[in-house]
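Quick notes on the structure that follows.
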Amino acid sequence: MRILVVGGSGLIGAHVVDVLRERGHAATTVARTARPGVDHLIDVGSASVDELRSLVAGHDGVVYATRTDEQRPLRKPIYPTFRRDNVEPVVNLFTAGRLEGLTRGVVMGSYYTYFDRLRPQWRLAARHTYIRCRVERAREGRAAAGPDLPVAVLELPFVFGRAGDRLPNWSGPLDRWARSRTPLAVPAGGTAAASARSVAEVAVDALEQARGEDIPVADENLTWNDMIARIAEAVGRRRRVARLPAGAVKASLRLGGALQALSRKESGVNPAHLADLLLAELFIEPTTGRSLDPALRETFADTATP
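My numbering applies: residue 19 is where the sequence shown begins, and numbers increase by one.
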């Protein structure tokens, strides 16, 4: 296969490229900024369908592996911005792919869409603009692709790992917190987690099999306590992690939501309802059963203080 990897210089995209080439496939990389190994520089978010057609021409499939900062507050209303950044580029890309006769595609998504299906009573898409746009991106991207271009959506949790100097966008604050003298305290609940390498292997499997369904991905399910304790151990600061009372978590985040509303800003994940997610066990079954320890060490240990 010859596969175009959009976001090929990012953490997950770089691993996808590695796995493709290890299995004997050809990979073409696309990114917005120049880096070693990037074949094409283009902002897919602003590219037209015709520009994207020339980019995907001659490929068998495409992987969309760009990332979004769902927590950054923006001026209200944020839905048009999130839709422009999250939905429209995927619709245009798969429209171009259909017109050029591509036969397979993968989109890196969020495990929030998995829980939106699994727990409709949580009303995740209604409460969180980011999740709404993830749902729309999967639905409308597939509609644009048509029946001859199956698109697998990988529903991803926290992803650990490293690709050169590329790390998870959330790892910096946790790294600094784990190394600091600030007490470690977390709420009840937890999250699924996966390594970037595992995600890449699932993505390439989906391409090889031309799968077109939603694929939740997890190596392990971790309580927040376990996750933070393992990060602290990885940076060489092993210590006890305390439990935050649920009431304090809810009050703090509701206050944050109120202050954000007063400033006429919103974020993709609404802080007024974020406590419900933090206190839940956002676990995926089944898991791969692979240990996250190697990816944890890649993410945190290399910069450990001597």
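Even glycine gets a Cβ: it sits at the ideal position worked out from N, Cα and C.
Am I right that residue i and residue j are in contact with their C-beta atoms under 8 Å? What's the rounded C-beta distance?
i      : j      : result
Val107 : Val62  : Looking at the sequence shown, residue 107 is not Val but Pro. That belief holds up - the Cβ atoms of Pro107 and Val62 are roughly 5 Å apart, short of 8 Å.
Leu92  : Glu284 : 6 Å
Ile302 : Pro175 : 7 Å
Val125 : Leu225 : About 12 Å; that fails the 8 Å criterion.
Asp193 : Phe318 : 6 Å
Phe100 : Gly286 : 6 Å
Ala181 : Ala32  : 4 Å
Lys94  : Arg282 : 5 Å
Tyr130 : Arg102 : About 19 Å separates the two Cβ atoms, so there is no contact after all.
Gly115 : Ala161 : The pair is not a contact, with the Cβ atoms about 13 Å apart (cut-off 8 Å).
Assuming residue i is part of the beta strand (DSSP E), what are its boundary residues?
i      : result
Gly127 : Arg122 to Ser128
Gly79  : Gly79 to Tyr82
Ile302 : No beta strand (DSSP E) contains Ile302, which DSSP labels as neither H nor E.
Val24  : Arg20 to Val24
One question on the structure: do residue i and residue j come within less than 7 Å of each other, judged by their Cβ atoms?
i      : j      : result
Pro168 : Ala228 : yes
Gly25  : Ala83  : yes
Leu273 : Pro205 : no
Leu236 : Ile30  : Looking at the sequence provided, one finds Ala at residue 236 rather than Leu. No; because the gap between Cβ atoms is not below 7 Å, this pair is not in contact.
Gly207 : Glu69  : no
Glu154 : Val105 : yes
Tyr132 : Pro234 : yes
Arg122 : Gly159 : no
Leu202 : Ile249 : no
Val23  : Val34  : yes
Val74  : Asn110 : no
Leu185 : Gly127 : no
Ala313 : Phe178 : yes
Ala196 : Val253 : yes
Ala210 : Asn239 : yes
Ser216 : Arg308 : yes
Arg71  : Leu136 : no
His43  : Arg145 : no
Ala170 : Gly76  : no
Thr47  : Ile96  : no
Contact criterion: CB-CB distance below 7 Å. Does residue i meet it with respect to chain B?
i      : result
Val222 : Of the protein chains in the structure, only one exists, and it is not chain B.
Could you tell me the boundaries of the alpha helix (DSSP H) in which residue i lies?
i      : result
Thr209 : Not the alpha helix (DSSP H): Thr209 falls in the beta strand (DSSP E), residues Gly208 to Ser213.
Val48  : First-last for Val48: Ala44 to Ala49, but that is the beta strand (DSSP E), not the alpha helix (DSSP H).
Gly30  : For the sequence presented, residue 30 should be read as Ile rather than Gly. Residues Leu29 to Glu40.
Gly119 : It is not in any alpha helix (DSSP H) - Gly119 carries neither H nor E in the DSSP assignment.
Ser189 : Ser189 to Arg197
Ser72  : Val67 to Val74
Ala162 : Thr147 to Ala163
Leu292 : Pro289 to Leu296
Thr86  : Careful: Thr86 lies outside any alpha helix (DSSP H) and carries neither H nor E.
Ala313 : Asp311 to Phe318
Arg101 : Tyr97 to Asn104
Using DSSP bridges, identify the partner residues of residue i.
i      : result
Glu332 : A question about residue 332 goes unanswered here, because the residues of the chain that appear run from 19 up to 324.
Asn284 : Note that residue 284 is Glu in the sequence shown, not Asn. Bridge partners of Glu284: Leu92.
Phe178 : Ser213
Leu59  : Ala49
Arg184 : Ala181
Ala203 : Ala260
May I ask whether a heavy atom of the ligand SAH can be found less than 6 Å away from the beta carbon of residue i?
i     : result
Lys94 : No copy of the ligand SAH occurs in the structure displayed, which carries no ligand at all.
Complete runs of the alpha helix (DSSP H) confined to the region 239 to 272 [at least 4 residues]
242 to 252
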